[in-house]
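Working notes for the structure below.
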Amino acid sequence: MLAGSIMALISAIGIIRLPDVFTRSHAGTKSSTLAVLLTLLGAFIYFASNQGFYSVRLLLGIAFVFLTAPVAGHLITRAAYRANVKMADTTVEDELKEVTDKVKEEAEKERSETGEVIIEDEKKADKEHSE
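First residue of the sequence shown: 1, per UniProt numbering; consecutive thereafter.
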């Protein structure tokens, strides 16, 4: 449980000190997940050794946090990236930019081939016609 407390402290310091949402998300998900897991594992070991009680709730809590916290952190970070949140000035490389640009180009090409792209003037005309 002490190790969990130390990891929680390290996680809090990382969230305060790191420069942008992407690195803060890393500190907030990875180390805090480990902190919660260590704390719950410590509680499980305490109850198992001192009282002979094996808590299924603690085991389920460990499994739930282990599975959901990293996924939630990834989704929040991906949403921040797609919303064009500025990266830290110290960021050296954006490895996802090439992939997202390629996907956007392919999507635009596919839309133009199928005729799904509507010109802005046509949107305005449709809107005025519907009113």
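Even glycine gets a Cβ: it sits at the ideal position worked out from N, Cα and C.
- Within the same chain, no Cβ atom closer than 7 Å to the Cβ of V103 is found once the five residues on either side in sequence are excluded.
- By the neighbour-count criterion, in which 16 or more other beta carbons inside 10 Å mark a residue as buried, M1 falls on the exposed side.
- Look at Y54 here: in three-state DSSP terms it is coil, with no helix or strand label.
- Secondary structure in the region 66 to 121: the alpha helix (DSSP H) runs of 4 residues or longer, each lying completely within the stretch, are 95 to 114 in chain order.
- Pairing L40 with M7 gives a Cβ-Cβ distance that is not under 9 Å.
- The C-beta separation of T33 from A69 comes to about 4 Å, placing the pair in contact by the 8 Å criterion.
- Three or more Cβ pairs closer than 8 Å define a contact, and the region 87 to 98 meets that threshold against the region 13 to 21.
- DSSP, reduced to helix, strand and coil, places L59 within a helical segment of the structure shown.
- Looking from the CA of A35, the closest CA among L9, R78 and E105 belongs to L9.
- Residue environment: A27 is assigned as buried (16 or more neighbouring CB atoms within 10 Å of its CB, all protein chains considered).
- The DSSP-derived three-state label of L2 is helix.
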